[in-house]
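Residues 7 to 455 (the numbering used here) are what the sequence shown spells out, left to right.
Yeah, the Cβ is synthetic: ideal placement off N, Cα and C, and Gly gets one too.
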Amino acid sequence: MDIAGLIPSFGGFFFTILAFVVALSVIVAIHEYGHYIVGRWCGIHAEVFSLGFGPVLFRRTDKHGTVWQVAALPLGGYVKFMGDADAASGKDGDGISQMTDADRARTMHGAALWKRAATVAAGPIFNFILSIAIFGAIIFAQGTATERPTVGALLDLPTQGVQLEVGDVITAVEGIETPDFATLNGLRDVIPPAETLTYTVERDGSLREVTGPYVMPAVAVGIQPRSAAMDIDMQSGDVVTAIDGTTIYSFEQLRTAVTASDGQALLLTVWRATAGGGETFELALAPRRMDLPLPEGGFETRWLLGVSGGMFFEPATVTPTPWAALTAGIDQTWFIVTSSLSGLYHMITGAISTCNMSGPIGIAEVSGAAASQGFESFIWFIAVLSTAVGLLNLFPVPVLDGGHLVFHAYEAVTGKPPSDRALRVLMATGLVLILSLMVFALTNDIFCP
C-alpha cells in the first residue's frame, strides 16, 4: 500500500503535512493554554508548557517560573503542573509527600477539588471557545444575505444572453413571486430545468423583465476534501453542462444522475471559466458512497461526487450584529458536536460505515485540501477540528480530560479520590483504548475507499 499516494496531489506531500502541523499546533496550543491559564487563576503552578514532544528546540522561563518550550515532534503538547510525575499528569507521590501544606495546595493533586476540575475542563472548553470565535468571526466578515433576493455578484457561466446585473432585486421568476431567498431556492422544485429563465427584477426603482440562467445551475460552488471530484482536480466554479452526452441545466439533474449511477462512472462535460472566456473538457469519475448527517438527526447514505451547489449568483449581504454572528458560531459548533455524537452512535450500531472515522492520514489530507482552497477555508477547518478535539477530550476515558473529570466526580461523591493503584490500572486501560482507536482510524485511512 502506497501511503504517500493517499496524500492529495495538489500542493504536494510537504504542503499537506505543513497544513496538518499548523492546524494541530494551533488547536493543541489553545487546548493546553486553557489548562494552564485556568490552573494559574486557581493557584495551581505550571512547571512546563510544551508544544510538541521529544527533544526541545526552544525554551524560556517566564516570571511565574513556568518553562515554555517547543519540542521537535509537533503531534500534541502538554502542561506539567507542580506535583505531576510526568506529562500525563501522573502523581509524584514521593515529591508531594515532602511538600509543605502551602506547596501541596499549588499542585494538581493537592488543590481544592473544584480548582482541579475547572483546570481539567478548561482545555476542551477553550477548544469550543476557539471554534465559536472562528465561526462567528467568519460569519461576521462574510455577512448574511439580505432579506430580499438581491444579486451581489454573478458567477461565470456558459449561459448566453444573461441580462441580470449586480444590485438587481429578483421579485419573480417565470411569473412566480420571490419575496425571499427561501422562496427563490424552492423554485428548483417548481420550474423545470432550462438554459434560461425570465426574471422580473427591481432595478433603479422600476420593474423590468430580463433573461438569466437557471436558478440552481449545475455549478460546483465548492469542492469537498477527500471526494471523487477533488481526486480528479475539479475546481470551484466548474459547470457541468452534460452527463454521458445528455445536456443538463440544473444541479438537481446532476444530483439525480449521480444517485441513479449506483456508483458507476459518469462522463461529465465540464465548462471552466478562463481568461479567454472559457474552455470545455470531459472528466470521468465514479461517485462515492457517503453518510451525511441530517439537520433533524440521523444520517442519509447517498452517492456523491463531492461538489456543493448553489444559485447562479452570490447574494448581496449585510453585516450581522456581533451577537447574531456569535449565536451563529455557537449553532455551528453545536451542530458539529451533535452530528459527531450521532455519527459515533450510528457507527457503533452498524447503521453507517466505520470508514466515516478518519485517522491522522485522513485528517492531514483534509488539512491540506482546506488550505489549498484558501485561508478562510483553512481557518474554518481549524474550527471544525478544534470542536472535534474538544469533544473527544470530554469522553470519559482515563488519560483524557473526561476521564479525569470522572475521577473528580467520584471524589466528590465518596469524599476521597481513587487509590493510586486503581488510577494506574485505569490510566493504563485508557491508554490501551486510545491507542487501539488510533490504530483502527489509521487502518481506515489506508484501506477505506
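Three-way DSSP call (helix, strand, coil) for residue i in this model
i	result
Glu-201	coil
Lys-86	strand
Gly-60	strand
Ala-290	strand
Phe-16	Any answer about Phe-16 is weak, because its pLDDT of 42 lies below 50 and its placement is not dependable; what the coordinates show is given next. The answer is coil: DSSP assigns Phe-16 none of H, G, I, E or B.
Met-317	coil
Ser-212	strand
Met-353	helix
Ile-140	helix
Gly-11	Per-residue confidence for Gly-11 stands at a pLDDT of 43, beneath the threshold of 50, marking its modelled position as unreliable; the derived number appears in the next sentence. DSSP places Gly-11 in helix when its eight states are reduced to three.
Asp-186	coil
Leu-298	strand
Gly-436	helix
Contacts around residue i, its chain only, beta-carbon distance under 6 angstroms, and the 5 residues preceding and following it disregarded
i	result
Ala-25	Ser-373, Gly-374, Ala-377
Phe-387	Ala-376
Arg-209	Asp-174
Val-481	The question about residue 481 has no answer here: the residues shown for the chain are numbered 7 through 455.
Glu-38	Gly-83, Val-85
Ile-138	Gly-335, Ile-336, Thr-339
Cβ-Cβ distance between residue i and residue j below 9 angstroms
i	j	result
Ile-197	Glu-171	no
Glu-201	Tyr-255	yes
Val-44	Ala-128	yes
Arg-294	Ser-348	no
Val-62	Ala-52	no
Ala-3	Leu-161	Look at the range of the chain in this structure, 7 to 455, and you will see that residue 3 is not part of it.
Thr-4	Val-324	Limits of the chain in this structure are 7 at one end and 455 at the other, which puts residue 4 out of reach.
Leu-79	Gly-96	no
Asp-107	Met-88	no
Leu-260	Val-313	yes
Thr-206	Thr-177	yes
Boundaries of the beta strand (DSSP E) in which residue i is found, first to last residue
i	result
Ala-248	245-249
Ser-267	No beta strand (DSSP E) holds Ser-267; the alpha helix (DSSP H) holding it covers 257-267.
Ala-376	First-last for Ala-376: 366-378, but that is the alpha helix (DSSP H), not the beta strand (DSSP E).
Leu-163	Where Leu-163 is concerned, there is no enclosing beta strand (DSSP E), given that its DSSP letter is neither H nor E.
Arg-278	272-278
Residue(s) in a DSSP beta bridge with residue i
i	result
Ile-176	Val-207
Glu-285	Arg-278
Arg-430	Note: Arg-430 sits in no beta bridge, so no partner.
Gly-218	Leu-203
Contacts around residue i, its chain only, beta-carbon distance under 7 angstroms, and the 5 residues preceding and following it disregarded
i	result
Val-403	Gly-409, Gly-436, Leu-439, Ile-440
Trp-47	none
Gly-142	Ala-331, Leu-332, Ala-334, Gly-335
Arg-308	Thr-265, Met-296, Leu-298
Tyr-42	Ala-52, Phe-55, Val-85
Minimum Cβ-Cβ distance from residue i to chain C less than 9 angstroms
i	result
Val-27	Among the protein chains of the structure shown there is no chain C, as only one such chain exists.
Cutoff 8 angstroms; reference residue i; Cβ partners in own chain excluding five residues on either side
i	result
Ser-15	The pLDDT assigned to Ser-15 is 44, lower than 50, so where the model puts this residue is not dependable, and the model offers no usable value.
Ala-35	Leu-57, Gly-83
Phe-21	Gly-374, Ala-377, Ser-378
Delimiting residues of the alpha helix (DSSP H) encompassing residue i
i	result
Phe-305	That residue, Phe-305, is in no alpha helix (DSSP H); its beta strand (DSSP E) goes 305-310.
Leu-398	381-399
Ile-102	99-103
Val-403	Looking at the DSSP string, Val-403 is not in any alpha helix (DSSP H), and its letter there is neither H nor E.
Ala-234	234-237
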